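Every position in the sequence shown, counted from 1, becomes a number in the numbering used here once 13 is added.
A virtual CB, placed ideally from N, CA and C, is assigned to each residue, including glycine.
Computed from a prediction, not measured in an experiment: that's the story for all the values here.
Take a look at the structure below.
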Amino acid sequence: MKALFLVILISLAGCSSHQNQQSLRLHVQKKWIQSTLNEQYLGPQIINPSSPLVLEDLVISSNPVDGIAAFEKKSGNRVWKNSVKNGITSGLARFNDLVIYAANDGQIYAVKSNTGKTVWTFPTQTETLSLPIADGKNLYLLASNGNLFSLDAATGKLNWSYFQRDNSPMSIRSSSSPVIDGNLLYVGFSDGTLAAFDKTNGFLKWERSFSGAKNRFKDLDSTPVIVGDHIYVTTFSGGLFCLKKSSGDIVWQNEEGSASGVVASGNRLFYSSTNHNIIALDISTGKQIWSYKVKTGIASRPLIHKELLIAGTSAGPVVALSSLNGEHLADYSTGWGVASQVAIDSSTQVLYVSSNYGFLYALHLEWLRPSQLWPWEKI
Numbered sequence: 014m015k016a017l018f019l020v021i022l023i024s025l026a027g028c029s030s031h032q033n034q035q036s037l038r039l040h041v042q043k044k045w046i047q048s049t050l051n052e053q054y055l056g057p058q059i060i061n062p063s064s065p066l067v068l069e070d071l072v073i074s075s076n077p078v079d080g081i082a083a084f085e086k087k088s089g090n091r092v093w094k095n096s097v098k099n100g101i102t103s104g105l106a107r108f109n110d111l112v113i114y115a116a117n118d119g120q121i122y123a124v125k126s127n128t129g130k131t132v133w134t135f136p137t138q139t140e141t142l143s144l145p146i147a148d149g150k151n152l153y154l155l156a157s158n159g160n161l162f163s164l165d166a167a168t169g170k171l172n173w174s175y176f177q178r179d180n181s182p183m184s185i186r187s188s189s190s191p192v193i194d195g196n197l198l199y200v201g202f203s204d205g206t207l208a209a210f211d212k213t214n215g216f217l218k219w220e221r222s223f224s225g226a227k228n229r230f231k232d233l234d235s236t237p238v239i240v241g242d243h244i245y246v247t248t249f250s251g252g253l254f255c256l257k258k259s260s261g262d263i264v265w266q267n268e269e270g271s272a273s274g275v276v277a278s279g280n281r282l283f284y285s286s287t288n289h290n291i292i293a294l295d296i297s298t299g300k301q302i303w304s305y306k307v308k309t310g311i312a313s314r315p316l317i318h319k320e321l322l323i324a325g326t327s328a329g330p331v332v333a334l335s336s337l338n339g340e341h342l343a344d345y346s347t348g349w350g351v352a353s354q355v356a357i358d359s360s361t362q363v364l365y366v367s368s369n370y371g372f373l374y375a376l377h378l379e380w381l382r383p384s385q386l387w388p389w390e391k392i
């Protein structure tokens, strides 16, 4: 009888614990908001694909109008600002105590992260949309005219360059960022080609074209993702492909394309498609697990944090979904849309979001019971 009573108590405790977990709701609270612009922007609609860069005490954000600014993470106070003609759309890379970015004035800049003081520059002679990627010594970057550069990250000295001509009549205003895997460098080009290079000398190892005749936009603008022996890449209108890393041979594909690429977590792939969906797939087979329809615009590249999937939408709010089943948990509207991948400080559960019109948001995530929330707070 005592044993039966104990089993009942354990069962009730388990049910109570499950009910408590189910009753929690994700709360998104604004900590601060700051403009990265020198003055209010009143021009045509802009898209900002550059994600914030989160450092120990600073968060750095750029905009496609007039440059880059650094803010204290806790207070949001501006620490420094660098003005750049025509702004920045490439994204921000960290190398030791340097922040490196390619600006739309045709220059690559390396600046001190704590002061913004310029250490070196390198001329690309064109705008650059690709996020610079650094390893322990060198920097790799794809310019919008098809030039792939390898530079010494500390000095900006050119190691080698490779040019890929694109004769496509139309292309998306976006660009793939290189990915490093051992001694190889993988990068996609706007003509729909994925190529693997020897990163020490720039020699081409193999390439595969995805520019089918039926595709209006042939661009391969997403950043490749490597997991084990496979590489995952998306084209804008051709779909998602799983390839053998060694040869580029296709293992499986999904028909929904994407400009922002996939994110791998455990045995799943997540990506935002050009068909206004956020999709979860089995990483081995490509079989769809769940799909979430974005209400307005196209979602940015997802961020996976614990069991959350967080993505901006180009004409709507930042949305938080369950990465397990795609359930909508919360959202937060910046009023201008978000085209870039959001960033998070895992130690404080604070999201940093760059809106299309040059505002940087710090948003705190917290699981709360309904009784802890004011009735007028939007979840």
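TODO: Identify whether residue 36 lies in helix, strand or coil by the three-state DSSP scheme.
DONE: In the three-state reduction of the DSSP assignment, residue 36 falls in the helix class.
- [ ] Could you tell me how far apart the beta carbons of residue 106 and residue 92 are, in whole angstroms, since I believe they sit closer than 8 Å?
- [x] Contact doesn't hold; Cβ gap of about 19 Å is too wide.
TODO: Go ahead and label residue 379 buried or exposed: buried means 16 or more other beta carbons lie within 10 angstroms of its beta carbon, across all protein chains shown.
DONE: The residue in question, residue 379, is exposed, as its Cβ has fewer than 16 Cβ neighbours within 10 Å.
Open item on the list: Considering just the uninterrupted stretch of the beta strand (DSSP E) at residue 289, what are its terminal residues?
Closed with: Per DSSP, residue 289 lies in no beta strand (DSSP E) segment and is marked neither H nor E.
TODO: Whole angstroms is fine: what's the gap from residue 190's alpha carbon to residue 359's?
DONE: About 24 Å.
Task: Whole runs of the beta strand (DSSP E) within the segment 277–349, excluding any shorter than 3 residues - done: For the segment 277–349, whole beta strand (DSSP E) runs of length 3 or above, ordered along the chain, are 281–285, 290–295, 301–306, 316–318, 321–324, 331–335, 341–345.
TODO: Pull up the CB-CB distance for residue 317 and residue 286, whole angstroms please, since I reckon it's below 8 Å.
DONE: Contact doesn't hold; Cβ gap of about 17 Å is too wide.
- [ ] Taking only beta-carbon positions, decide if residue 116 is within less than 7 Å of chain B.
- [x] The displayed structure is made up of one protein chain only, and chain B is not part of it.
Task: Length of the line joining the Cα atoms of residue 265 and residue 46 - done: For residue 265 and residue 46, the distance between alpha carbons rounds to 43 Å.
Task: Under 7 Å between C-beta atoms of residue 80 and residue 96 - done: The criterion of a C-beta distance shorter than 7 Å is satisfied by residue 80 and residue 96.
Open item on the list: Does residue 178 pass the burial test, meaning 16 or more other C-beta atoms within 10 Å, or should it be called exposed?
Closed with: Burial check for residue 178: the Cβ neighbour count within 10 Å stays below 16, so the residue is exposed.
TODO: Report the three-state DSSP secondary structure of residue 127 (helix, strand or coil).
DONE: Three-state DSSP puts residue 127 in coil, outside helix and strand.
Task: Presumed contact (8 Å Cβ cut-off) between residue 314 and residue 276, rounded CB distance - done: With a contact defined as Cβ atoms closer than 8 Å, residue 314 and residue 276 qualify at about 7 Å.
Task: 8 Å contact criterion, which residue 371 and residue 48 should meet: CB distance rounded - done: About 6 Å separates the Cβ atoms of residue 371 and residue 48, confirming a contact at the 8 Å cut-off.
Task: residue 72 to residue 44 span [Cα, whole Å] - done: Taking the straight line joining both Cα atoms gives about 14 Å.
TODO: Give the secondary structure of residue 274 by DSSP, where H, G and I count as helix, E and B as strand, and everything else as coil.
DONE: It is coil, neither helix nor strand.
Task: Contact set for residue 63: own chain, Cβ-Cβ below 7 Å, skip 5 residues either direction - done: These residues qualify, in order along the chain: 75, 101, 102, 103, 104, 105, 353, 367.
Task: Of the listed residues 131, 118, 351, 259, nearest to residue 111 (C-alpha basis) - done: That would be 131, whose Cα lies nearest to the Cα of residue 111.
Open item on the list: On the criterion of 16 or more Cβ atoms from any shown chain inside 10 Å, does residue 291 qualify as buried, or is it exposed?
Closed with: Buried, by the Cβ-count rule.
Task: residue 347 burial status per 10 Å Cβ neighbour count (16 or more: buried) - done: Under this definition residue 347 is a buried residue.
- [ ] Take residue 375 and list the residues in its own chain whose beta-carbon comes closer than 7 Å to its own, dropping the five residues that flank it on each side.
- [x] Only 44, 45, 89, 363, 365 meet the Cβ criterion.
TODO: Name the residue from 299, 138, 242 whose alpha carbon lies nearest to the alpha carbon of residue 259.
DONE: Of the candidates 299, 138, 242, the residue whose Cα lies closest to the Cα of residue 259 is 242.
Task: Neighbourhood of residue 377 by C-beta distance below 7 Å, restricted to the same chain and skipping five residues each side - done: Apart from the 5 residues on each side of it in sequence, residue 377 sits with its Cβ closer than 7 Å to the Cβ of 42, 44, 362, 363 in its chain, given in chain order.
Task: Candidates 334, 373, 340, of which the one nearest residue 349 by Cα - done: Answer by Cα proximity: 373.
- [ ] Kindly indicate which three-state DSSP category residue 104 falls into: helix, strand or coil?
- [x] If DSSP states are grouped into helix, strand and coil, residue 104 belongs with coil.
TODO: Compute the distance between the beta-carbons of residue 325 and residue 351, then report whether it is under 7 Å.
DONE: Yes, the Cβ-Cβ distance between residue 325 and residue 351 is below 7 Å.
Open item on the list: Could you compute how far the alpha carbon of residue 142 sits from the alpha carbon of residue 244?
Closed with: Spanning the two alpha carbons is a distance of roughly 22 Å.
TODO: Work out the CA separation of residue 211 and residue 219 for me, nearest whole Å.
DONE: Roughly 10 Å between the two C-alpha positions.
Task: Coarse secondary structure for residue 162, derived from DSSP in three states - done: Note: residue 162 maps to strand in three-state DSSP.
Task: Separation of residue 126 from residue 167, as counted between CA atoms - done: Distance between the alpha carbons of residue 167 and residue 126 is about 13 Å.
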